[in-house]
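Residue numbers (the UniProt record's numbering): 1 to 288.
Structural data, given as structure tokens:
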């Protein structure tokens, strides 16, 4: 967004002409109107004060403009500096937009499901197994599925898929993650975030580091997950004394199915549409 505006972190102030899509506008007499607009080139949205200049001239004291007969006004596109829909120009000033969502997987970022890595309890002698496949040829969403076995490990068990290494996401300017779920089986899943990946042991196994976890139900919904709702754990146990999550150095994201101490087992199936870093414009979802 810096190409046409000044990046202010959580907001962006637009300083150059740009096309915006008017969502809701109400014009007052004689010169100004308040416009709720969004940039069709991003997921940003925000408010603006606008001046109305028919034929490039400011409105006279007794002049008014009616966009349509049915308020509030809804227009497909308003072009800055061009005549459109009415004989005049709508000039935005002091336009502020919330920072757009940044897709990590899905949306405008490919999932690359074939590069994700299964991390199942088989490394500990279990029999669980997970897969990550595309749901269609468009590759817009993935299916996390498999079989959770809890007999081999006496009631315990897990199956997970993790993002390919190495990753380095600087998400320090965002408030959390958004997880969009499509079809699901209603079982309990866990989203895991890591900010540290250590070199592997001589035998090829990974060294343990703190995981930041969020449990959720596999039902069709869009979950907003603030950073503060991620719970630190170490080797499956809570670690309340963990250092704060480094939002500027996220290394890995995983999706896990586990038994929750014998609470669930068997086949599992979850469609994930996208994972994004976001600035929240609504109340985040409560933890389960």
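Even for Gly, the Cβ is constructed at its ideal location relative to N, Cα and C.
This one's a predicted model, so the numbers in the text were calculated from it and none came from an experiment.
{"Query": "DSSP state of residue 161 mapped onto helix, strand, coil", "Result": "strand"}
{"Query": "Start-to-end residues for the beta strand (DSSP E) that takes in residue 256", "Result": "252-258"}
{"Query": "Cut-off 7 Å between Cβ atoms - residues of its own chain near residue 289, not counting five sequence neighbours on either side", "Result": "Residue 289 cannot be examined here, being either before or after the span of the chain that is shown, 1 to 288."}
{"Query": "Pair within 8 Å by beta-carbon distance, residue 132 and residue 142", "Result": "yes"}
{"Query": "Local Cβ density within 10 Å of residue 112, reported as buried at 16 or more and exposed below that", "Result": "exposed"}
{"Query": "Residue from 277, 279, 280, 271 whose Cα sits closest to the Cα of residue 186", "Result": "271"}
{"Query": "Residues near residue 104 in its chain [Cβ-Cβ closer than 7 Å; skip 5 each side]", "Result": "169, 253, 275, 276, 277"}
{"Query": "Integer Cβ distance of residue 163 from residue 116, believed to fall under 8 Å", "Result": "6 Å"}
{"Query": "Integer Cβ distance of residue 225 from residue 179, believed to fall under 8 Å", "Result": "6 Å"}
{"Query": "Euclidean distance between Cα positions of residue 216 and residue 268", "Result": "14 Å"}
{"Query": "Counted within 10 angstroms of its Cβ, other Cβ atoms place residue 288 as buried (16 or more) or exposed", "Result": "exposed"}
{"Query": "Sequence-distant residues of the same chain with beta carbon closer than 8 Å to residue 201, five excluded per side", "Result": "207"}
{"Query": "Option nearest residue 124 by Cα separation, candidates 195, 239, 159, 279", "Result": "159"}
{"Query": "Start and end residues, beta strand (DSSP E) containing residue 272", "Result": "266-278"}
{"Query": "Distance cut-off 7 Å: residue 201 Cβ against heavy atoms of the ligand SAM", "Result": "The ligand SAM is absent from the structure shown, which contains no ligand whatsoever."}
{"Query": "Proximity of residue 230 and residue 195 at Cβ, strictly below 8 Å", "Result": "no"}
{"Query": "Local conformation of residue 114 per DSSP, three classes", "Result": "helix"}
{"Query": "Counterpart residues of residue 153 in DSSP-defined beta bridges", "Result": "156"}
{"Query": "Start-to-end residues for the beta strand (DSSP E) that takes in residue 211", "Result": "211-217"}
{"Query": "Spatially closest choice to residue 188 from 165, 148, 198, by CA coordinates", "Result": "148"}
{"Query": "Best match in 145, 165, 176 for proximity to residue 199 [C-alpha to C-alpha]", "Result": "165"}
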